Structure formats: C-alpha cells, structure tokens
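Q: Would you mind keeping the following structure in view while I ask a few things?
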Ligand code: FSO
Ligand code: SF4
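In this note's numbering, the protein residues as written are 349 to 897.
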C-alpha cells in the first residue's frame, strides 16, 4: 500500500505497511482498485454525458465510492469488495449503452480501467497493487493528480449529505467524473492539471453552497446557542459525523423512548439548528474531537452512531466496540451497519435505540456550556455590532482558524495561538479544529464572543459568505484587503476541498498546518506559494508577529 492523503501520514511521507489511521494494507489497496475502476466508469459516463445522457445511478455510485475512501470513513474490507463488484456492473451497463448506440465503447482506449474484471479476491488484490498512487512516475503529475482526487473526495462527502436531503447538482457530478478522467489522462500537462485543481476549488464552493442550502432549508438557519456539555441521568445515544438527515431521523425515532441523544465531534453544530433544538431529549454535546473517542466512548456507556468519518479503530481491550454502529459511507468490520434509507423513508435506528435502553447513562466528563451557531445569517444579524466594533478598533483583526483537529502533539500550537491572540481579535471557525480552543475562557468583545463557530467543516462556506459581506459593507475591491488572517488546520480530504475553495475565491496568504501535505511535490508546493502565498506555520511567537504586523 501507499497512501499519503492525510496530514498524519507516516513520517510525513506516506503509509506503506499500515495506515497511521489504522487502515490495513488490504483495505488501502482495495480503495485504490475501486478508484481505478471508477475512473473507467467516469470515462464512459463523460462520453455519454456529451450525448446528453446522464445516469443518476452512476452519479450516486461515484459519490458513495469516493466518500468511502476518505480518511477514517470506512475500514470494512468486505464493503470494498462488494463495492468493486458493483462497480463492474455499473461499468458494464455503460459499455452496453454505448454499444447499443452504435458506438465503439472502447474507442481507442488503452486503459484497462474500462475492461479489467475479476470477482476473485486474490486477483483483485493482485491488480490493486498496480493501480495505486505510485503508478504515476512523474512526482509533479502524481502530486497534481492526487490533489485533484482528494479535492473530489471532499466534494463527494458534501454532495452525499446534500443528496440525502434531496439536493442534487448534475454540474457537480459531471465535474467529479471529468476530474477522475483527468487523473487518468497522460496527455494532460501540469498546467492542465493546475487548471483542473482550480476548477475543483470552484466546485468546492458550489457543493458547500448546495449543502448549506440543503441543511438550512430543511432545518433552519443556525442560531447563537449555548450547548450543554454535561450529562443527564438517562440512557443515551451518541451521534457522530456530519449527516444532518441521520440526526433528524434519530431524534424523531428516539423521542418519547426515554433515550437521550448527544452529539459528538463534528455533529456538535446540530445543536445550533432550530429544527433540532426543539427536541427535549436532545441534551447537548459529549466529548471532544474525533481522535479522543477511544477514551470518551468508554465513558459514554451507551451506543454510538457514526454517520461519516472520523472513526478510530478501537483498541483490543476497548469495552465499547460492541456498541458502535455505522451508517452511510462509514463502516468498520464488526460494527453493525444501518442500511440506507429507501424511497426517501427514514432509516431504521430501532436496533440502536433498543441497545441504548440496556445501557447505563453517560458518565460526566465535563460540565458547562459552549457557544456556537455563528453561520452566515446569525452573523448578518449581528452585522451592525461587528462593523461598529471594527470601525471603533474594538476588533482589530479576525482569524479564520477553521479545519480539522488531529492527534499529533504539534496541534497544541492552535490552542496556544488562540490563547495568545490579543483580546481585540476574533476567531472565526468551522470544523473539528475548534476543539483545540472552544472551551477556553477567551471572553467576548462588546457581547461578540471571541470564538465564532459557524459549524461543521462544510460551514467554512459561511465564513466565506461572511467575508464577502464584510467586503461589500466596507466597500473594498478585494477580499484580501479585509482585516482577516487565515491560519487553517487540516487533516483529511474535506479540508483539502475547503482549502481549494478558498483559493478559487482569490483568498491569499493562507497558512496551513500543522504540516504541509506530503502529497505536494516541491514544484507543486512552489506553484501554490507563488500564486497564492500559501505558507506553513512557524512557532506561535513567530506567527503572532507575522499575523499581527
Ligand atoms: Fe473533522 Fe474528521 Fe469535518 Fe473531517 S471529524 S476531520 S475535515 O472528518 O470532516 O472536520
Ligand atoms: Fe496513512 Fe492518512 Fe492514508 Fe490513513 S489516510 S493510510 S493515516 S495517509
């Protein structure tokens, strides 16, 4: 195996025997094979699209397939085997369709991503070792191809959540397939691929806008909310991940059962939505960001539902492994998987609810409240206050500190950075990065909290909308003239698409940490530095000086 798609990749270079995330060699190579066959499917689908033929089945397949390969989403080997077999069937139908139209389905194509097939696991594994990342020998082309793939994986996650709420965009699906094809096209130059990277960024904005519309139309606009982080004395279910439709189904089905619901990690922002706040058995948020789950799930005592990443494989002596469930694109061998909803009907969470009834209430690990819900509409409602504070100098600068958290010690940088920021600065955040500082007593500026949490990583879109609004209010020509600095933390591929989205909007001088991606070759990194002023992070001292001058 070779995988370098996330920030925690082994030695900052690549995982080769087993993933730092726990992904095994078997799963890693099957993910490579799945992506390879999806390239073949995309080649055929792109040709059919040129003839005006779209397939909802193909679109969904590509979205799900990519999402399953995101870091920490799915560790279940059998699910990948099944998905690869399904991929052969999906591809076959497209080949047949082209043939029926009188076309040569292979038309000059040499890539065996269009033809290779085997239902034998050993043969699959053998093939898989030849179609991974390192197959592209030129390191700059490899770097750009992978940057595109990771961006599209990020898009897939947000597209899936939006689709679960009935929001679909054929333009986004078409782009995802076009991008997969581009990463298999040897005639494309580095410049062509850079153009594709930027297009990927603008599609990132588009998919985040779509998901924002889906979430806010279905559940209302997030509003300023004080979220309880303590516990009550009832058995409970902990829900993690990003899928708000799953959240809704779970809240509805637990109502009146005596089982409470708590959010975990990236589901915390569900507490900010009017449609969810009304449920009396929705108690609040339990625990911290994803990587602390191994101890926090022990203490929770009740079942845990993963709607997406980030899953950490339980330690061999974990007492909670028999009470974790997955759904959607997430999976883990041994965790029961709740099947997809059919015909738009709710998913059936009764099994988890029955399980919860037999469990002890959660053990308290924290007490108090955290504040959040500062997505675009809530911030617009405070716009006069914010603008006055900027004009009077009460707010000197905003710091976008969105993105992900992770387990590496050097992420302590973000806690220290937040603590040491002067009192006339405000942090704008989204994603699980916030857990590094959202429980610090950072105070407020004239009633405006110094940490404004917009929501999940996809709600970085809100931060962009807020920046655009401020640009308009202050009559500026360029978003980079605003007193906003970007100090973003990344971990997995959704953060990659958030970054590309910001670049496509012309945001410059983003600092990215705690380390720059291993998949950026020196030349590709140079392009990003020269064109966009991207930089890594230094020490807190150095960066404080740099950002504040
Ligand atoms: Fe975090 Fe995990 Fe939202 Fe990611 S929980 S790391 S970027 O999945 O998606 O922020
Ligand atoms: Fe390694 Fe990250 Fe890939 Fe997991 S996702 S195998 S930790 S690079």
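Glycine residues also receive a C-beta, built at the ideal position from the N, C-alpha and C atoms.
Quick caveat, the model's predicted, so the values are computed rather than measured.
Threshold first: 4 residues or longer. Then list the alpha helix (DSSP H) segments lying entirely within the stretch 452-503, N to C.
A: With a minimum length of 4 residues, the continuous alpha helix (DSSP H) runs that stay inside the stretch 452-503 are 469-476.
Q: How should residue 741 be labelled, buried or exposed, when 16 other C-beta atoms within 10 angstroms of its C-beta is the threshold for buried?
A: It counts as exposed.
Q: Taking the alpha carbon of residue 488 as the point to measure from, which residue in 474, 875 and 589 has its own alpha carbon closest?
A: Ranking 474, 875 and 589 by Cα distance to residue 488 puts 875 first.
Q: Can you confirm whether the stretch 838-857 touches the stretch 799-810 when touching is taken to mean that 3 or more C-beta pairs between the two stretches lie within less than 8 angstroms?
A: The stretch 799-810, when compared against the stretch 838-857, does touch it at the 8 angstroms Cβ threshold.
Q: If we require 3 or more residues per run, which beta strand (DSSP E) segments fall completely within the stretch 757-831?
A: Listed in chain order, the complete beta strand (DSSP E) runs (minimum 3 residues) inside the stretch 757-831 are 773-777 and 799-801.
Q: Under 8 angstroms, with one C-beta from each stretch per pair, do the stretch 699-715 and the stretch 645-657 reach the 3-pair mark?
A: At 8 angstroms Cβ cutoff, the stretches touch.
Q: Taking Cβ positions, are residue 839 and residue 855 nearer each other than 8 angstroms?
A: Not closer than 8 angstroms, so no.
Q: Residue 402: beta carbon under 7 angstroms from a heavy atom of the ligand FSO?
A: No - the ligand FSO has no heavy atom lying nearer than 7 angstroms to the Cβ of residue 402.
Q: Within a Cβ cutoff of 8 angstroms, which residues of the same chain sit near residue 796, ignoring the five residues on either side of it in sequence?
A: Same-chain partners within the cutoff: 730, 733, 734, 737, 743 and 774.
Q: Please report the residue range of the beta strand (DSSP E) in which residue 350 lies.
A: Note, residue 350: premise wrong, no beta strand (DSSP E); not H, not E.
Q: Between the stretch 358-370 and the stretch 496-508, do three or more beta carbon pairs fall short of 8 angstroms?
A: Flag = no, the stretch 358-370 and the stretch 496-508 do not touch.
Q: Is residue 357 near the ligand SF4, judged by its Cβ being under 7 angstroms from some heavy atom?
A: Yes; taking the cut-off as 7 angstroms, the Cβ of residue 357 has a heavy atom of the ligand SF4 nearer than that.
Q: Look at residue 461 and residue 385 and say whether their C-beta atoms are less than 8 angstroms apart.
A: Yes, the pair counts as a contact, with Cβ atoms nearer than the cut-off.
Q: Determine the extent of the alpha helix (DSSP H) in which residue 846 is found, giving its start and end residues.
A: Note, residue 846: alpha helix (DSSP H), 841-852.
Q: Let me check understanding here. Comparing Cα to Cα, which of 578, 569 and 669 lies closest to residue 724?
A: For residue 724, the nearest C-alpha among the options comes from 569.
Q: Ordered along the chain, which non-local residues of its own chain (more than five positions away) have a Cβ less than 8 angstroms from that of residue 451?
A: Only 395 meet the Cβ criterion.
Q: What separation, rounded to the nearest whole angstrom, lies between the Cα atoms of residue 513 and residue 894?
A: Whole-angstrom Cα-Cα distance: 43 angstroms.
Q: Suppose only complete runs of 4+ residues qualify. What are the alpha helix (DSSP H) ranges in the stretch 723-759, listed by chain order?
A: With a minimum length of 4 residues, the continuous alpha helix (DSSP H) runs that stay inside the stretch 723-759 are 724-729 and 731-740.
Q: In terms of residue numbering, what span does the alpha helix (DSSP H) encompassing residue 553 cover?
A: 538-567 is the span of the alpha helix (DSSP H), which, as asked, contains residue 553.
Q: Determine the extent of the alpha helix (DSSP H) in which residue 879 is found, giving its start and end residues.
A: Its alpha helix (DSSP H) spans residues 870-880.
Q: Considering only C-alpha positions, which residue in the set 416, 534 and 787 is nearest to residue 490?
A: Among 416, 534 and 787, the Cα nearest to that of residue 490 is on 534.
Q: Do residue 670 and residue 686 count as a contact pair if the criterion is CB distance below 8 angstroms?
A: Not a contact, by the Cβ cut-off of 8 angstroms.
Q: DSSP state of residue 685, grouped into three classes?
A: If DSSP states are grouped into helix, strand and coil, residue 685 belongs with the strands.
Q: Given 8 angstroms as the limit, is there contact between the stretch 564-583 and the stretch 851-867, that is, 3 or more CB pairs closer than that?
A: These segments do not touch.
Q: Could you tell me which residues DSSP pairs with residue 363 in its beta bridges?
A: For residue 363, which the question treats as bridged, DSSP gives the partners 351.
Q: Quick check: is any heavy atom of the ligand SF4 less than 7 angstroms from the C-beta of residue 480?
A: Not so, every heavy atom of the ligand SF4 lies at least 7 angstroms from the Cβ.
Q: Using a threshold of 7 angstroms, is the CB atom of residue 834 nearer than that to any non-hydrogen atom of the ligand FSO?
A: Not so, every heavy atom of the ligand FSO lies at least 7 angstroms from the Cβ.
Q: Compute the Euclidean distance between the alpha carbons of residue 771 and residue 716, then round it to the nearest angstrom.
A: About 23 angstroms.
Q: For a test of your reading of the model: does the CB of residue 839 fall under 7 angstroms from any non-hydrogen atom of the ligand FSO? Yes or no.
A: Yes.
Q: From residue 639 to residue 370, what does the alpha carbon distance come to, in whole angstroms?
A: Residue 639 and residue 370: Cα-Cα distance of roughly 12 angstroms.
Q: Mind checking residue 360: buried by the 16 CB within 10 Å criterion, or exposed?
A: The residue is exposed, with fewer than 16 neighbouring Cβ atoms inside 10 Å.
Q: Which residues in the same chain have their Cβ closer than 6 angstroms to the Cβ of residue 869, if we skip the five residues on either side of it in sequence?
A: Once the five neighbours on either side are set aside, the close Cβ partners of residue 869 are 487, 488 and 491.
Q: Assuming residue 583 and residue 704 form a contact by the criterion Cβ under 8 angstroms, report the distance between their Cβ atoms to the nearest whole angstrom.
A: With 8 angstroms as the limit, residue 583 and residue 704 qualify as a contact, their Cβ atoms being about 5 angstroms apart.
Q: Please say whether residue 751 and residue 618 have beta carbons closer to each other than 8 angstroms?
A: No. Outside cutoff.
Q: Give me, in chain order, the residues of the same chain whose beta-carbon lies closer than 8 angstroms to that of residue 684; leave out the 5 immediate sequence neighbours on both sides.
A: Same-chain partners within the cutoff: 673, 674 and 699.
Q: At which residues does the alpha helix (DSSP H) containing residue 647 begin and terminate?
A: Per DSSP, residue 647 belongs to the alpha helix (DSSP H) from 641-648.
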